[in-house]
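Heads up: the sequence shown at position 330 corresponds to 336 in this note's numbering, and the numbers run straight through without jumps. Some notes on the structure that comes next.
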Amino acid sequence: MAKQYETVIGLEVHVELATATKIFCGCSTKFGGRPNTHTCPVCTGMPGSLPVLNQKVVEYALKLGLALNCEINRYCQFDRKNYFYPDNPQNYQISQLYLPICHDGYLEIDVSGEKKKIRIHEMHMEEDAGKLIHDEWEDCSLVDYNRSGVPLLEIVSEPDMRTAEEVIAYLEKLRMLCRYLGVSDCKLQEGSMRADVNLSVREAGSRGLGTRTEMKNLNSFKAITHAIEGERERQIELLADHRQVVQETRRWDDNKEASYGMRSKEDAKDYRYFPDPDLQPVVISDEWLKKLRGEQPEFQEERRERFQKAYGLSEYDAGILTQSRHLADLFETVADLSGFPKKTANWLMVEGLRILKEKGQEPEELSFTPKHLAELIQAVERGEINHANARLVFEQILDADVEPLHFMEEQGMRMVSDDGALAAAVEETLCENPKVVEEYRSGKEKVFGFLVGQVMKKMMGKADPGRVNELLKKRL
7 MAKQYETVIG LEVHVELATA TKIFCGCSTK FGGRPNTHTC PVCTGMPGSL PVLNQKVVEY
67 ALKLGLALNC EINRYCQFDR KNYFYPDNPQ NYQISQLYLP ICHDGYLEID VSGEKKKIRI
127 HEMHMEEDAG KLIHDEWEDC SLVDYNRSGV PLLEIVSEPD MRTAEEVIAY LEKLRMLCRY
187 LGVSDCKLQE GSMRADVNLS VREAGSRGLG TRTEMKNLNS FKAITHAIEG ERERQIELLA
247 DHRQVVQETR RWDDNKEASY GMRSKEDAKD YRYFPDPDLQ PVVISDEWLK KLRGEQPEFQ
307 EERRERFQKA YGLSEYDAGI LTQSRHLADL FETVADLSGF PKKTANWLMV EGLRILKEKG
367 QEPEELSFTP KHLAELIQAV ERGEINHANA RLVFEQILDA DVEPLHFMEE QGMRMVSDDG
427 ALAAAVEETL CENPKVVEEY RSGKEKVFGF LVGQVMKKMM GKADPGRVNE LLKKRL
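Right, here's the structure in full:
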């Protein structure tokens, strides 16, 4: 009988912070600038330059640490992690090893209705390295130092996850917390959230840990899922063939859906850590922590429950709307302005998320005046515009933030409520289609839809279909 194996997974997640400036200098952290334009002597490691800590980085670390139920080190320090990479100009990285800012927390996830706590070993502050750009045409590598010195939080979990599904649930929950707090946009495609997967396998029922590998270059949830499944199978095949799993860092190639070894896995001693002599220790007061606790937002769980009670939403709808703080804020504002919370939820969830999906955008990218959507919803409920035209107006609100009532008038979308005009259109339709009328009266009720369509065509779509139905049935 073949042996059964269990996967053991821990994550190292790097979150790029949404500060305006870098961790130890005043250079911009804005993504997408021309290479080597967001740089200075400090973040390019020039001799004689000295780092100065950005207080906002510490504040963001404390906010996330509190949200992750962590213990806070009231006295912490920065250390130098010594290694040579071409994109690391100082030949060391300023990080934290001995006294990280946060430790011993947890994050609760929900997978298929089952709750599970994933322990957080530690969270520390550090600076990012630059970025290497490999030019295959010129057969050379170029370095861009714009990212060098961008502040990072590294969140290190315990090896508590067993499946790719648990890993994705953990990452989605962590990303949501970061966005609710406003500490990071966590855009995987821009590298502001990066996950390294530490994975090993062991015989089912075993208490010991197998030899782990670390997989890098994972920039999407899809790549993370494939990498976990691929590495699990690779290690099981090695063990089944009585070969050894080597502890190493592996690089995942999403195009080939395979990983390959990069280097042997380093231990802390290989980096020769020592306290950074240029930076003062960080002392965190009780008053500062109390202030930050009071500023913590209403997170998804509490907001979801409140939306169900206050707005009468289903658990499913409230869950969708609160996955994004920005989407939840929009819903709440529009619902209060329009007076129609369930209709507001439908517009945002059905039409809004459909449009975002078509554009490949996220809810955080929704940008329009809430009053405009509220006015459109009210116009629909008053019967001033039919749903088909309202969808067109909604798309214009999302694209250009148009004022809906003015746009409806300008485009001739306002519904005709004059029964006289509707009755005339009904009469014309019946006179022009005597055979269809005869078929309907002989029991072929399916043709009724054709007659409704003809009336709507005459009214150029500006009639209430419900009222057209009433008048047609009465006349027939």
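Glycine included, every Cβ here is placed at the ideal spot set by N, Cα and C. Only a predicted model underlies this, so the values are computations on that prediction, with no experimental measurement involved.
Apply the 10 Å Cβ neighbour rule to residue i and answer buried if 16 or more other Cβ atoms are within range, or exposed otherwise.
| i | result |
| --- | --- |
| Leu-70 | buried |
| Ser-101 | buried |
| Thr-219 | buried |
| Tyr-317 | buried |
| Asn-261 | exposed |
| Trp-258 | buried |
| Tyr-81 | exposed |
| Glu-237 | buried |
| Tyr-11 | buried |
| Gln-460 | buried |
| Gln-306 | buried |
| Trp-143 | exposed |
| Asp-282 | buried |
| Ser-291 | exposed |
| Gln-241 | buried |
| Ile-403 | buried |
Could you tell me which residues DSSP pairs with residue i in its beta bridges?
| i | result |
| --- | --- |
| Leu-428 | DSSP output for Leu-428 lists no bridge partner at all. |
| Leu-138 | Val-149 |
| Ala-324 | The partner list for Ala-324 (beta bridge, DSSP) is empty, contrary to what the question assumes. |
| Pro-281 | Asp-85 |
| Thr-219 | Leu-205 |
| Val-5 | Here the chain has residues from 7 to 482 only, and residue 5 is not among them. |
| Trp-258 | Ser-265 |
| Arg-360 | None, per the DSSP bridge assignment. |
| Asp-470 | In DSSP, Asp-470 forms no bridge with anything. |
| Thr-13 | Val-207 |
| Met-129 | Cys-108 and Ile-161 |
| Gln-99 | Lys-87 |
| Lys-464 | BP columns for Lys-464 are empty, so no partner. |
| Arg-124 | Sequence inspection shows Ile at residue 124; the Arg mentioned does not correspond to that position. Answer by DSSP bridge pairing, in chain order: Leu-113. |
| Thr-27 | Ser-34 |
| Ser-373 | Ser-373 is not bridged to any residue. |
Among the candidates the options, whose CA atom is the shortest distance from the CA of residue i?
| i | options | result |
| --- | --- | --- |
| Met-462 | Leu-177, Thr-35, Glu-434 and Glu-445 | Glu-434 |
| Leu-187 | Ala-26, Asp-342 and Ala-73 | Ala-73 |
| Leu-59 | Met-131, Ala-429, Glu-401 and Lys-450 | Met-131 |
| Leu-478 | Lys-450, Ser-448 and Ala-430 | Ala-430 |
| Ser-206 | Glu-243, Leu-180, Leu-379 and Lys-377 | Glu-243 |
| Glu-401 | Glu-390, Leu-372, Glu-416 and Arg-420 | Leu-372 |
| Leu-266 | Asp-323, Ala-233, Pro-283 and Ile-383 | What sits at residue 266 in the sequence shown is Tyr, not Leu. Among Asp-323, Ala-233, Pro-283 and Ile-383, the Cα nearest to that of Tyr-266 is on Ala-233. |
| Ala-175 | Arg-218, Gly-32 and Lys-122 | Lys-122 |
| Asn-97 | Gly-119, Thr-50, Ile-107 and His-127 | Thr-50 |
| Val-494 | Lys-228, Gly-211, Asn-223 and Lys-450 | For the chain, the structure presents residues 7 to 482; residue 494 sits outside this window and is missing. |
| Thr-45 | Asn-152, Pro-95 and Ile-126 | Asn-152 |
| Pro-57 | Thr-43, Glu-237 and Pro-157 | Pro-157 |
| Ala-26 | Glu-415, Ser-291 and Lys-36 | Lys-36 |
| Ile-383 | Lys-9, Thr-350, Glu-128 and Pro-47 | Thr-350 |
| Glu-387 | Glu-370, Lys-348 and Leu-23 | Lys-348 |
| Val-162 | Gly-32, Met-129 and Arg-312 | Met-129 |
| Arg-420 | Ile-391, Val-443 and Tyr-446 | Ile-391 |
| Val-356 | Leu-177, Glu-263, Ala-469 and His-393 | His-393 |
| Asp-284 | Val-48, Leu-379 and Gly-236 | Val-48 |
| Tyr-279 | Gln-99, Ile-29 and Thr-375 | Gln-99 |
| Leu-177 | His-127, Glu-133, Ile-230 and Leu-103 | Ile-230 |
| Met-182 | Thr-13, Glu-18, Leu-113 and Asp-292 | Leu-113 |
| Ile-115 | Cys-146, Tyr-104, Lys-179 and Val-64 | Lys-179 |
| Tyr-91 | Tyr-104, Val-149 and Glu-142 | Val-149 |
| Gln-417 | Leu-428, Ile-403, Asn-395 and Gly-426 | Asn-395 |
| Asn-125 | Pro-165, Pro-106, Ile-29 and Cys-146 | The sequence given here places Arg at residue 125; Asn does not occur at that position. Answer by Cα proximity: Pro-165. |
| Glu-133 | Asp-292, Lys-222, Cys-33 and Leu-215 | Cys-33 |
| Ser-118 | Pro-95, Ala-170, Gln-253 and Asn-79 | Ala-170 |
| Ala-324 | Trp-353, Val-443 and Phe-313 | Phe-313 |
| Val-64 | Cys-192, Leu-103 and Leu-159 | Leu-159 |
| Val-432 | Glu-364, Ala-264, Glu-196 and Ala-469 | Ala-469 |
My assumption, with CB atoms under 8 Å, is that residue i sits in contact with residue j. Please give the rounded CB distance.
| i | j | result |
| --- | --- | --- |
| Ala-135 | Asp-93 | 5 Å |
| Lys-377 | Leu-411 | That pair is no contact at about 11 Å. |
| Ser-154 | Leu-23 | The Cβ separation is near 15 Å, so there is no contact. |
| Gly-111 | Asn-75 | 5 Å |
| Met-199 | Val-19 | 7 Å |
| Leu-68 | Leu-295 | 7 Å |
| Leu-379 | Val-340 | 5 Å |
| Leu-354 | Leu-327 | 7 Å |
| Gln-253 | Ser-270 | 7 Å |
| Pro-106 | Asn-88 | Not confirmed; about 18 Å, so no contact. |
Please give me, in chain order, every unbroken run of the beta strand (DSSP E) with length at least 3 that falls completely inside the stretch 53 to 92. 85 to 88
Secondary structure, alpha helix (DSSP H): runs of 4+ residues fully inside the stretch 158 to 208: 170 to 187
Taking the runs of the alpha helix (DSSP H) that are 4 residues or longer, which of them lie wholly in the stretch 286 to 358? 292 to 300, 306 to 317, 321 to 327, 331 to 344 and 347 to 352
3-residue-minimum beta strand (DSSP E) runs that sit fully inside the stretch 380 to 448, ordered along the chain: none
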